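Undergrad:
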Amino acid sequence: MVADRPREQSALLRILERDRRDIPAMLAMGQLKAATGDVRSAASWYRAALNQASNSQVPQALHAGLAHAQSFCEQSQRRLAEEFAAALDGTGVGVGGSPALRHAIDLLYGRSEIFLQQPSMFYYPGLPQRCFYERQEFDWVAGLEAQAEALRDEFLALLERSDQPFAPYIRRGADRPASSSALLENENWGAAYLWQGGQPTELSRHCPQTMAALADAPLPHVEGRSPMALYSRLKPGTHITAHHGLLNTRLICHLPLIAPEGCALRCGHETRSWHFGKMLIFDDSVEHEAWNRGSSDRTILLFEIWRPEIPEDDRHQLATLFAAIDQIDPERGKEQE
Numbered sequence: 001m002v003a004d005r006p007r008e009q010s011a012l013l014r015i016l017e018r019d020r021r022d023i024p025a026m027l028a029m030g031q032l033k034a035a036t037g038d039v040r041s042a043a044s045w046y047r048a049a050l051n052q053a054s055n056s057q058v059p060q061a062l063h064a065g066l067a068h069a070q071s072f073c074e075q076s077q078r079r080l081a082e083e084f085a086a087a088l089d090g091t092g093v094g095v096g097g098s099p100a101l102r103h104a105i106d107l108l109y110g111r112s113e114i115f116l117q118q119p120s121m122f123y124y125p126g127l128p129q130r131c132f133y134e135r136q137e138f139d140w141v142a143g144l145e146a147q148a149e150a151l152r153d154e155f156l157a158l159l160e161r162s163d164q165p166f167a168p169y170i171r172r173g174a175d176r177p178a179s180s181s182a183l184l185e186n187e188n189w190g191a192a193y194l195w196q197g198g199q200p201t202e203l204s205r206h207c208p209q210t211m212a213a214l215a216d217a218p219l220p221h222v223e224g225r226s227p228m229a230l231y232s233r234l235k236p237g238t239h240i241t242a243h244h245g246l247l248n249t250r251l252i253c254h255l256p257l258i259a260p261e262g263c264a265l266r267c268g269h270e271t272r273s274w275h276f277g278k279m280l281i282f283d284d285s286v287e288h289e290a291w292n293r294g295s296s297d298r299t300i301l302l303f304e305i306w307r308p309e310i311p312e313d314d315r316h317q318l319a320t321l322f323a324a325i326d327q328i329d330p331e332r333g334k335e336q337e
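Next up, the structure:
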């Protein structure tokens, strides 16, 4: 018996007019469109079903249909990317061009995804959605990088002087739920603070050149919170899983002091490796992760700076605001990731 597809489509559309969130009807529409060879329309209905399912409690009976929809959409995206590539072959599009254009093409082909700022504590609207900033954009960076060898030597001298300057980066908070991270109280990700809670630490007395070098950077000054600067050590085999930072009002700076091969940082869609003396600057409110797949420790000098787009007056007001947050809820603003 030949299916009466027009009648079936009309019936499904009537159901969806009554309830546009009806997942079985959307799946049936996707199946119907696929049977007629309308792959683009089928994929759109399947995507609608998948989006609705992500916001709903889905009965077990729909799991197989949703799995098929997911597979169909992935195959459709691959075919579409192949069609785009064939249409653009020989045009020069995607050859060279800016990083933004190449990323846009990767998004079109489904080879990348969109990552946005998602700070866990405070969001300042209107800032550019950038993962990494380039070293050349900051006039103070070259001077700090020029001191990299001396700063590394000062760090190595600190290691000889101190039995164990590092403590686990992720610590248990007082009277708060413990982090679920596998690196909780784990020295594989270690921190040795020079500035902590807005105050220089005992360790900083042994690192005068490093402290002087940091003074040239636009460090935030927030009572009880900033400046913040530390040596961050990542032992071999350690993976800091994907997470978001507290604020989007800052950038995180890494000056690599010991940078073995096999170590990298992913922020958003882009992955970069550390190289001795070459600053990495990124927005940690965007999803990021890091790993050491090498055979020796990776150590960086880590500190935060103001986002350059934030006006000076707003910086002063934000500093007052953050200090008030810390007074009212001291645990809320602590780094736990």
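Residue 20 in full-length UniProt numbering sits at position 20 of the sequence shown; the count goes up by one each step and never skips. The C-beta atom is built at its ideal place from N, Cα and C for all residues, glycine as well. Owing to the predicted nature of the structure, the values given are computational and were not obtained by experimental measurement.
Bridge partners for K278 per DSSP, in chain order?
TA: DSSP output for K278 lists H275 as bridge partner(s).
Undergrad: To which residues does DSSP link Q196 through a beta bridge?
TA: Q199
Undergrad: Please work out which residues of its chain come closer than 6 Å, Cβ to Cβ, to A324, disregarding the five sequence neighbours upstream and downstream, and give them in chain order.
TA: none
Undergrad: How many angstroms separate the CA atom of W195 from the CA atom of L183?
TA: 22 Å
Undergrad: Could you tell me the alpha carbon to alpha carbon distance between R7 and I105, rounded to whole angstroms?
TA: Spanning the two alpha carbons is a distance of roughly 40 Å.
Undergrad: Which residues share a DSSP beta bridge with R20?
TA: Answer is none; R20 lacks a bridge partner.
Undergrad: Counting only runs that start and end within the segment 116 to 176, where is the alpha helix (DSSP H) found for 4 or more residues in a row?
TA: 141 to 145 and 148 to 161
Undergrad: Which same chain residues end up closer than 6 Å to Q209 when comparing Cβ atoms and leaving out the 5 residues on each side of it in sequence?
TA: A150 and E154
Undergrad: Quickly, what does DSSP pair residue 351 with across the bridge? List them, please.
TA: Within the shown structure, residues of the chain are numbered from 1 to 337, placing residue 351 beyond reach of any answer.
Undergrad: Beta-carbon separation of E309 and P128 under 8 Å?
TA: yes
Undergrad: Please name the residue or residues paired with N292 in a DSSP beta bridge.
TA: C263
Undergrad: According to DSSP, what are the bridge partners of R250?
TA: Answer by DSSP bridge pairing, in chain order: W306.
Undergrad: Report yes if the CB atom of E289 is closer than 8 Å to the CB atom of T241, and no otherwise.
TA: Going by C-beta atoms, E289 is nearer than 8 Å to T241.
Undergrad: Using beta-carbon positions only, say whether P119 and S285 come within less than 8 Å of one another.
TA: yes
Undergrad: Is the beta carbon of A148 sitting closer than 8 Å to the one on F166?
TA: no
Undergrad: Out of E202, V93, L159 and F282, which one is the CA nearest neighbour of L302?
TA: F282
Undergrad: Is the CB-CB distance between A43 and F72 below 8 Å?
TA: yes
Undergrad: Kindly indicate which three-state DSSP category E337 falls into: helix, strand or coil?
TA: Because the pLDDT at E337 is just 40, under 50, the model does not fix this residue reliably, and the value given afterwards should be weighed accordingly. Looking at E337 - three-state DSSP - the assignment turns out to be coil, as it is neither helix nor strand.
Undergrad: Would you call D326 buried or exposed, if buried means 16 or more other Cβ atoms sit within 10 Å of its Cβ?
TA: buried
Undergrad: S54 by DSSP, collapsed to three states: which one?
TA: helix
Undergrad: Exposed or buried, what is H254 when buried is set at 16 or more other beta-carbons lying within 10 Å of its beta-carbon?
TA: Classification of H254: buried, given that the 10 Å Cβ count is 16 or more.
Undergrad: May I ask you to report which of helix, strand or coil DSSP gives M1?
TA: Since pLDDT at M1 reaches only 40, below the 50 mark, its modelled position is unreliable, and no value is offered.
Undergrad: Beta-carbon within less than 8 Å of P24's beta-carbon, same chain only, minus the 5 sequence neighbours each way: which residues are those?
TA: L62 and G65
Undergrad: Would you grab the beta carbon distance between G237 and G198 for me? Rounded to a whole angstrom, and I think it's under 8 Å.
TA: Not a contact, Cβ separation roughly 34 Å.
Undergrad: Counting C-beta neighbours from all protein chains within 10 Å, is the total for V2 16 or more, i.e. buried, or is it exposed?
TA: Bear in mind that a pLDDT of 48 at V2, under 50, signals an unreliable position, so the model cannot answer this.
Undergrad: Are the CB atoms of P220 and M211 nearer to each other than 8 Å?
TA: Their beta carbons are not under 8 Å apart, which means P220 does not touch M211 by this criterion.
Undergrad: For V222, list the residues DSSP reports as bridge partners.
TA: S226
Undergrad: Could you work out which residue in A146, H206, E187 and E160 is closest to I170 when comparing CA atoms only?
TA: E187
Undergrad: What is the C-beta distance between F115 and H275, in whole angstroms, given that I count them as a contact (C-beta under 8 Å)?
TA: With 8 Å as the limit, F115 and H275 do not qualify as a contact, their Cβ atoms being about 23 Å apart.
Undergrad: Please go through the segment 33 to 82 and give each complete alpha helix (DSSP H) segment of 4 or more residues, from N-terminal end onward.
TA: Those alpha helix (DSSP H) runs which fall completely within the segment 33 to 82 and span 4+ residues are 39 to 54.
Undergrad: DSSP beta-bridge partners for G190?
TA: P168 and R233
Undergrad: Using 10 angstroms around the beta-carbon of Q336, count the other beta-carbons present and answer buried if the total reaches 16, otherwise exposed.
TA: With a pLDDT of 43 at Q336, under the threshold of 50, the modelled position of this residue cannot be trusted, and the question is left open.
Undergrad: Using the Cβ count rule (16 or more neighbours within 10 Å means buried), how would you classify Y193?
TA: It counts as buried.
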